[in-house]
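Enquirer: My numbering puts the first residue of the sequence shown at 30, with every later residue one more than the last. Note that CB positions come from ideal geometry on N, CA and C, so glycine has one too. This is the structure I have questions about; it appears just below.
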Amino acid sequence: MVWVNRVKLLKGMQVKDYVLTDQERSIDPSSRDISFIERFPNETFKEVLKLVLMTYE
């Protein structure tokens with residue numbers, strides 16, 4: 030099954046797996062122990078942003 034609402038992170042990154050682009054509203058950073066780990070490449074960001082914006086169309 031292919032999911033169009035997730036972006037695979039690159040190999041070699043500390044964070045593994047996928048960005049779930051339809052879950053951005055379900056994360057409450059103030060209620061979780063969240064910390065910054067690393068940045069991902071600009072091209073990955075553009076792909077994530079494109080899919081997040083699609084959820085609002």
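(1) From the DSSP output, in three-state form, read off Lys75 for me.
(2) Around the C-beta of Val44, are 16 or more other C-beta atoms found within 10 angstroms, so that it is buried, or is it exposed?
(3) Flag this pair as yes or no: are the beta carbons of Leu49 and Phe69 separated by less than 8 Å?
(4) For Met42, I'd like the list of residues in its chain whose CB is within less than 8 Å of its CB, leaving aside the five on either flank, ordered along the chain.
(5) Taking the C-alpha atoms as reference points, what is the distance between Met83 and Asp62?
Expert: This is what the structure holds:
(1) Reduced to three states, the DSSP call for Lys75 is helix.
(2) exposed
(3) no
(4) Glu67, Phe69
(5) 28 Å
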